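Participant: Protein chains in written order, with our numbering: chain A, 1 to 467; chain B, 1001 to 1198.
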Amino acid sequence: MNNTSSTLFDKVWDSHVVRKIEDGPDVFFIDRHFIHEVTSPVAFGGLENRGLKVMFADKTFATADHNTPTINQHLPVQDPLSANQLKALETNSAKYGISHWGLNNPKNGIVHVVGPENGITLPGMTIVCGDSHTSTHGAFGAIAFGIGTSEVEMVLASQCIMQPKPKKMRINVNGKLAKGVTAKDVALYIISRLTAAGATGYFVEYAGEVFENLSMEGRMTVCNMSIEMGARGGMIAPDETTFAYLKGKDKAPKGEAWDKSLAYWKTLKTDSEATFDKEFNFDAADIEPMITFGTNPGMGMGISKHIPVSQDTASGNASYEKSLNYMGFHEDEAMLGKKVDYVFIGSCTNGRIEDFRAFASIIKGRKKAEHVTAWIVPGSHVVEQQIKEEGILDILTEAGFQLRQPGCSACLAMNDDKIPAGKYAVSTSNRNFEGRQGPGARTMLASPLVAAAAAVTGVVTDPRELL
Amino acid sequence: MAYDKFTVLTSTAVPMPIENVDTDQIIPARFLKATERKGFGDNLFRDWRYNADETPKKDFVLNNPVYSGKILVGGKNFGSGSSREHAAWAIYDYGFRAVVSSFFADIFKNNSINVGILPVQVSEEFLIKIFSAIEVDPKAQFEINLPDQTITILSTGEQESFDINGYKKHNLMNGFDDIDYLQAMKEDIQSFAEKSLY
């Protein structure tokens, strides 16, 4: 074996295999387990039925996010089913000694926002959560991916899951991003090129100048969207940007432990001789602000282009037509100028401070379009606080916007934040599936800049015209 | 969670020749509020199955009495999107025991096996043959044989084999799950954890 031939992914994966099962999966050790109210109660019920305990409560962190209201969080939750689920998370966490950041806890927020911002997520870790966007944490050079509830139960009971090692893919994007082109556009561009299933079975490493130059927030946005092309997760080698972000974070190592960790983290990169099962190269110059026109995240396009005609697409004609019918769009139409009813900025994809800074950069000195309903939802209370401290709240208020309270909100519309049937939303979230943002809702995924441009003009607008 | 052992399943099948059927379609988020695993089958494909006023949508396959069976046949990239195991629970609770497609999303595939549904991945060509067989005769029977790892269109005798790793196959055939296995190796996990960095 030659040590110089491993990838970042190999290094982290191989160091977490407790046992290899012949003609079966690896028994894979998990360093951090995030849980939330929706995918954990049945897992706790399973433990109970089997008479098992949580093996390492200190490696598990609970936060309420999927099913929480984004207004009046100080009042009792109205929907009895939601209230019951939140209560179950609280009770189960208390029973097994798990850290729990419930509603109104100042640390509360979307699981994939609060993990990193508190230094719970660190390079070289293995991280799982019953949520497919766990891939977000890969931005730190961690192997992070979503799991089902049976697997949540496994991790609670044994700190391990059974996983065959995925194949490896590297996606290189080199060059410099043009003005108005953000991490979200890079992600939507890659997915549009690979399709919504293009990376299924693979774990992705993002490499090249573009990712090196992204902030941690931007890297999280990119890794977050890995699942939207079917990849279990995506990761980026930790570097000085990563270390600077982590230094001083609440649960990050301190003093001597920091130095020791740092020395290890610096080894976490793909060796020059290492090979991948698949590799893609893209040029930053080809990427413009993106928007989706269909009902899966692979159906994205440059905002100035026309909707592709079905012969040019990878998916079957019938599925393509079904998708455009749902959206009320036609082949070869322009997206620019299409009416927008709702704008949603937030979610684990684009609910961090940088996203609200970008949003504010466009709305500053402008007014919200009258017919647009805008939901501005920070990813956490920490982000909410930053929005206030940096004067972004004043800019929002002046332009006619209101700031809501943290949570997953209209990204999956489990709470009351539902886009009405037939209405068009420009959303900074991650999925444009049929009914994702409410039954009959029509979602166009885009960056915070595109969302801001739509919010002030009331139609799909190229943000570069407003910068 | 215990489930029925899976060996040989002979059944008619329900065709859903749509690509990229995501788990939000299989079970929309607003039905994920339960804290117990029961009743999810009622909301399987809720928004494709029912109108806003709760009346059934006549043109949806699950509302068409011509089609029935324990096998669901879907288009490419079945089960993409959210990791919600509720999607697999809903399919199981409705009465399906196997899902056939030419391509499955990873998490859905894992979740299915973990709840006792067999995901059968076939070639594009064979998938088309399955859809045609159902089109010719909605009562066409299929045999999914897990020990032999084959799926057969009984009306034509056409057969294809499918992949599943030996460990998962053994589990499904015996109704075991991963927790049984993991509990039996707790000492190894404990000593691994003691050496772990985090």
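All C-beta atoms, glycine included, are put in the ideal place defined by N, C-alpha and C.
All figures in this text were calculated on a predicted structure; none of them were measured in a lab.
Less than 8 Å between the C-beta atoms of lysine 1076 of chain B and phenylalanine 1040 of chain B, yes or no?
Facilitator: Taking 8 Å as the Cβ cut-off, lysine 1076 of chain B and phenylalanine 1040 of chain B do not qualify as a contacting pair.
Participant: Can you give the Cα-Cα distance for alanine 503 of chain A and phenylalanine 359 of chain A, rounded to whole angstroms?
Facilitator: Shown here, chain A extends from 1 to 467; a query on residue 503 of chain A therefore has no answer.
Participant: For chain B, find out if any of its Cβ atoms is closer than 8 Å to the Cβ of valine 459 of chain A; answer yes or no.
Facilitator: No, no contact with chain B.
Participant: Pick out whichever of B/Pro1065, B/His1170, B/Phe1108 has its Cα sitting closest to the Cα of alanine 1013 of chain B.
Facilitator: Taking only the C-alpha atoms, the option nearest alanine 1013 of chain B is B/Pro1065.
Participant: Nearest to alanine 1029 of chain B by CA position, among B/Ser1083, B/Val1122, B/Ala1133, is which residue?
Facilitator: When each option's Cα is compared against that of alanine 1029 of chain B, the closest is B/Ser1083.
Participant: Three-state secondary structure (DSSP) at valine 38 of chain A?
Facilitator: Coil, per DSSP.
Participant: So, for glutamate 434 of chain A: in the same chain, excluding its five sequence neighbours on each side, which residues have a beta-carbon less than 7 Å away from its beta-carbon?
Facilitator: Excluding residues within five positions, the ones whose Cβ falls inside 7 Å are Thr295, Tyr326.
Participant: State yes or no: is the beta carbon of arginine 1049 of chain B nearer than 8 Å to at least one beta carbon in chain A?
Facilitator: Not closer than 8 Å to any Cβ of chain A, the Cβ of arginine 1049 of chain B fails to qualify, so no.
Participant: Does the beta carbon of isoleucine 1107 of chain B come closer than 8 Å to any beta carbon on chain A?
Facilitator: Yes, isoleucine 1107 of chain B lies at the interface with chain A (some Cβ there is under 8 Å from its Cβ).
Participant: For lysine 168 of chain A, does the three-state DSSP call read helix, strand or coil?
Facilitator: Lysine 168 of chain A falls in the strand class under three-state DSSP.
Participant: For glutamine 437 of chain A, does the three-state DSSP call read helix, strand or coil?
Facilitator: Glutamine 437 of chain A falls in the coil class under three-state DSSP.
Participant: Kindly provide the ranges of any alpha helix (DSSP H) runs that are 4 or more residues long and lie completely inside the stretch 1046-1099 of chain B, ordered along the chain.
Facilitator: Counting only runs of 4 or more, we get 1046-1049, 1086-1094.
Participant: Taking the alpha-carbon of histidine 481 of chain A as reference, which of A/Val383, A/Arg431, A/Leu52 has the nearest alpha-carbon?
Facilitator: Only positions 1 to 467 of chain A appear in the structure, and residue 481 of chain A is not among them; the question remains open.
Participant: Looking at the unbroken alpha helix (DSSP H) that takes in cysteine 348 of chain A, where does it start and where does it end?
Facilitator: That run of the alpha helix (DSSP H) goes 347-350.
Participant: So if I threshold CB-CB distances at 9 Å, which residues from the stretch 150-180 of chain A count as touching chain B?
Facilitator: Residues Ser150, Glu151, Val152, Glu153, Met154, Ala157, Ser158, Gln159, Cys160, Ile161, Met162, Gln163, Pro164, Pro166.
Participant: Between the alpha carbons of tyrosine 424 of chain A and methionine 220 of chain A, how many angstroms are there, rounded?
Facilitator: Near 26 Å, if we compare the C-alpha coordinates of methionine 220 of chain A and tyrosine 424 of chain A.
Participant: Which residues in chain B sit within 9 Å of glutamine 85 of chain A, going by Cβ to Cβ distance?
Facilitator: Chain B residues near glutamine 85 of chain A: Leu1032, Lys1033, Ala1034, Thr1035.
Participant: Taking the beta carbon of glycine 234 of chain A as the centre, do at least 16 other beta carbons fall within 10 Å, making it buried, or is it exposed?
Facilitator: It counts as buried.
Participant: Starting from threonine 476 of chain A, trace the beta strand (DSSP E) in both directions and tell me its first and last residue.
Facilitator: Beyond the ends of chain A as shown, which are 1 and 467, falls residue 476 of chain A; an answer cannot be given.
Participant: For glutamate 331 of chain A, does the three-state DSSP call read helix, strand or coil?
Facilitator: If DSSP states are grouped into helix, strand and coil, glutamate 331 of chain A belongs with coil.
Participant: Could you confirm whether any beta carbon from chain A is found closer than 8 Å to the beta carbon of methionine 1185 of chain B?
Facilitator: Chain A, which has a Cβ nearer than 8 Å to the Cβ of methionine 1185 of chain B, makes this yes.
Participant: Please report whether the beta-carbon of threonine 196 of chain A lies at a distance below 8 Å from any beta-carbon of chain B.
Facilitator: The sequence shown places alanine at residue 196 of chain A, not threonine. Yes, contact with chain B.
Participant: Can you list, in chain order, the residues of its chain whose CB lies under 6 Å from that of methionine 1 of chain A, leaving out five sequence neighbours each side?
Facilitator: Interpretation of methionine 1 of chain A is limited by its pLDDT of 46, a score under 50 that renders its predicted location unreliable; the figure taken from the coordinates is listed afterwards. Contacts found: none.
Participant: List, from N- to C-terminal side, the alpha helix (DSSP H) runs of 4 residues or more that fit wholly inside the stretch 164-236 of chain A.
Facilitator: DSSP runs (the alpha helix (DSSP H)) wholly in the stretch 164-236 of chain A: 183-194, 209-213, 216-224.
Participant: Would you give the residue range spanned by the beta strand (DSSP E) that glutamine 159 of chain A belongs to?
Facilitator: Unbroken run through glutamine 159 of chain A: none, as it is neither H nor E.
Participant: Can you tell me the Cα-Cα spacing of glycine 138 of chain A and glycine 208 of chain A, whole angstroms?
Facilitator: Those two C-alpha atoms are separated by around 16 Å.
Participant: Around the Cβ of histidine 16 of chain A, are there at least 16 other Cβ atoms within 10 angstroms (buried) or fewer (exposed)?
Facilitator: Label assigned to histidine 16 of chain A: buried.
Participant: Secondary structure at histidine 371 of chain A, three-state DSSP: helix, strand or coil?
Facilitator: Here histidine 371 of chain A sits in coil by DSSP.
Participant: Classify proline 1015 of chain B as helix, strand or coil using the three-state DSSP reduction.
Facilitator: It is a strand residue.
Participant: On a CA-only basis, which of A/Ser429, A/Met55, A/Ala455, A/Leu466 is nearest aspartate 185 of chain A? Give me that one, please.
Facilitator: Cα-wise, what sits closest to aspartate 185 of chain A is A/Ser429.
Participant: Fully enclosed by the stretch 64-109 of chain A, which beta strand (DSSP E) runs are 3 residues long or longer?
Facilitator: Within the stretch 64-109 of chain A, the complete beta strand (DSSP E) runs of at least 3 residues are 99-101.
Participant: In angstroms with no decimal places, state the Cα-to-Cα distance between glycine 180 of chain A and glutamine 78 of chain A.
Facilitator: Going by the C-alpha atoms only, they are around 40 Å apart.
Participant: I think isoleucine 35 of chain A touches cysteine 160 of chain A, with their Cβ atoms under 8 Å apart; what is that distance to the nearest whole Å?
Facilitator: At roughly 16 Å, the Cβ-Cβ gap does not stay under 8 Å, so isoleucine 35 of chain A and cysteine 160 of chain A are not in contact.
Participant: Assuming glycine 351 of chain A and valine 113 of chain A form a contact by the criterion Cβ under 8 Å, report the distance between their Cβ atoms to the nearest whole angstrom.
Facilitator: Yes, they are in contact, since the Cβ atoms of glycine 351 of chain A and valine 113 of chain A sit about 6 Å apart, within 8 Å.
Participant: Excluding the 5 residues flanking glycine 400 of chain A on each side, which residues of the same chain have their C-beta closer than 8 Å to its C-beta?
Facilitator: Result list for glycine 400 of chain A: Lys367, Lys368, in chain order.
Participant: Quick one: is threonine 182 of chain A near chain B, going by C-beta distance under 8 Å?
Facilitator: Cβ-Cβ to chain B under 8 Å: no for threonine 182 of chain A.
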